[in-house]
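Novice:
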Ligand SMILES: [Zn+2]
């Protein structure tokens, strides 16, 4: 291919990226993009650091649907919050991601508590009905 970037990489080898259309350099080596390329490198480093921190924390798949991240009990939500806290402390996720998970966890906690309360109430009503001690319909009417 004769359309490769004409720049030399920092280890002295020719850049193997394709040149941009009508230009001699790839995006990263284009002098016109120096500032954008610098920002992209910083972003790339941040992402790489984040990925490494996630890997170190054993959470490299956080954010992806995972079988073991089924949230159906308060214990599941507590585990997610503990993992999220660890991931945030290690710099593996952003404050926005941590806030988002915390918000969703709070909503999940309310829903789980409501469902648990509803089911406990239903079971209590059924037991009371069976004893014939109290007529639930009369109470709620
Ligand atoms: Zn290049």
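In our numbering, the protein residues as written are 477 to 617.
C-beta: ideal position from N, C-alpha, C; glycine also.
Only a predicted model underlies this, so the values are computations on that prediction, with no experimental measurement involved.
Would you mind reading off the limits of the alpha helix (DSSP H) that contains residue 583?
Specialist: Taken as a continuous stretch (DSSP letters only), the alpha helix (DSSP H) holding residue 583 covers 571-607.
Novice: Taking all protein chains shown into account, do 16 or more other C-beta atoms lie within 10 angstroms of the C-beta of residue 580, making it buried, or fewer, making it exposed?
Specialist: With fewer than 16 Cβ atoms within 10 Å of its Cβ, residue 580 is classed as exposed.
Novice: Taking residue 618 as part of the alpha helix (DSSP H), name the residues at either end of that continuous run.
Specialist: Lying outside 477 to 617, the shown extent of the chain, residue 618 is not represented and no answer is given.
Novice: Could you name the residues, in chain order, whose CB is less than 6 Å away from a heavy atom belonging to ligand 1?
Specialist: Qualifying residues, in the order they occur: 481, 483, 491, 493, 501, 502, 504 and 505.
Novice: State yes or no: is the C-beta of residue 568 within less than 8 Å of the C-beta of residue 526?
Specialist: In this structure, residue 526 lies closer than 8 Å to residue 568 by Cβ.
Novice: Are the segment 544-557 and the segment 494-511 touching by the rule of at least three beta carbon pairs closer than 8 Å?
Specialist: The segment 544-557, when compared against the segment 494-511, does not touch it at the 8 Å Cβ threshold.
Novice: Could you check the C-alpha separation between residue 499 and residue 490 for me, to the nearest Å?
Specialist: Their Cα atoms are separated by approximately 16 Å.
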